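Structure record follows, encoded as C-alpha cells.
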Amino acid sequence: MDAVALTVGGNAAAAAPVDAERARFPHCVVWTPLPIVSWLSPLIGHVGICRADGVILDFAGPFFVNVDGFAFGSPAKFLRLDPDQCCFPAFALSGHRCREAFRHSQLGTASDWDDALRSCMHKFQHKTYNFFTCNCHSFVSTCLNRAAYQGRTDWNMIHIVALVHCRGHWIGPAALLRSLAPFVLVLCIGLLTAGWPFLVGWALISSLLAAWFVFATCCARGVADC
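Count the sequence shown with our numbering and you get residues 1042 to 1267, in order.
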C-alpha cells in the first residue's frame, strides 16, 4: 500500500505519512486480529500505539512491551491521532490545556508524545499481563491518559475498542479479509454442523465476555485498574 496521510482531528498535510509496508504509523493506534479469539469475536484484537516516528509499542505479555515488533502479525486497522489535542504542561500544576489539570498531574504528565509513551512503557514493563484485566488496551488507554488526549484522563479499554472500530481505517482489502474471513467461516461451519444451538451458544458467550469488560471497566474500575 502506498504511503498515506490520514489524521483524525488534525492536519493531515502536516503529518508524517503512514507507511504500512514498513510498519510505520506515526501518532497512531493500530489493531490486528487475535488467532482463535477474533475468529469467535471479531471486535476483540490486539492493539498498540505508535511513536512520532511510527514505531509500534504494544503490551504483549508479562513485564514485556514490544518495540517495533507488533505481536500477532502486521496491523489490519489504524487510527491516526492528533498530538495537538494532547496536554503537555511545562509544569506539573500549571500550563495545562486539559479539563482535569489536577487529575492529570496525579496520573503523571509528559513533555511530548514520545515522552508519554516512554513513561507508560516503563510502567508496564513492571506489570503482569492479564487478558481480562490488564492487557494491551489498558496500555494504550494509559498512554492516552498520560497525554490527556482530547483533554481527557478517563480513557479505558472500552473507549479504545470503540475508537478503533468506529473511526479506524483498514490497511487494505487483504487486511479486511484476514480479519473477518475466519469469523465468517467459523460461523458458517457452526451453523451447518450444529444449527441454531451454535448461534445461541456463540451469542451467549460473546455477550458474557462483553458484559465482563463493561463491568470491569465502568462499574468496578478497581478490577481492571492496572
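Where is the CB? At the ideal position from N, CA and C, for every residue including glycine.
Computed from a prediction, not measured in an experiment: that's the story for all the values here.
Residue span of the alpha helix (DSSP H) that contains alanine 1203, given as start and end: 1198–1208
Burial state of proline 1067 (16 or more Cβ within 10 Å): buried
Bridge-paired residues (DSSP) for proline 1074: Gly1086
Which residues DSSP lists as bridging asparagine 1107, in chain order: Asp1099
Cβ-based burial, glycine 1102 [other Cβ within 10 Å; buried from 16]: exposed
Tryptophan 1237 burial status per 10 Å Cβ neighbour count (16 or more: buried): exposed
Per-residue DSSP class, three states only, for asparagine 1171: strand
Residues near isoleucine 1085 by beta carbon distance below 7 Å, same chain, minus five either side: Leu1075, Val1078, Ser1079
Beta strand (DSSP E) segment containing arginine 1119, residue limits: With the sequence shown as reference, residue 1119 is identified as phenylalanine, and arginine is not the correct amino acid for it. Per DSSP, phenylalanine 1119 belongs to the beta strand (DSSP E) from 1118–1121.
Which of helix, strand or coil DSSP assigns to cysteine 1184: helix
Endpoints, the alpha helix (DSSP H) within which valine 1255 is located: 1237–1255
Per-residue DSSP class, three states only, for cysteine 1035: Because the chain spans 1042 through 1267 in this model, residue 1035 falls outside it and cannot be assessed.
Own chain partners of aspartate 1094 with C-beta closer than 6 Å, once the 5 adjacent residues on each side are dropped: none
Three or more C-beta pairs below 8 Å linking the region 1146–1154 and the region 1108–1117: no
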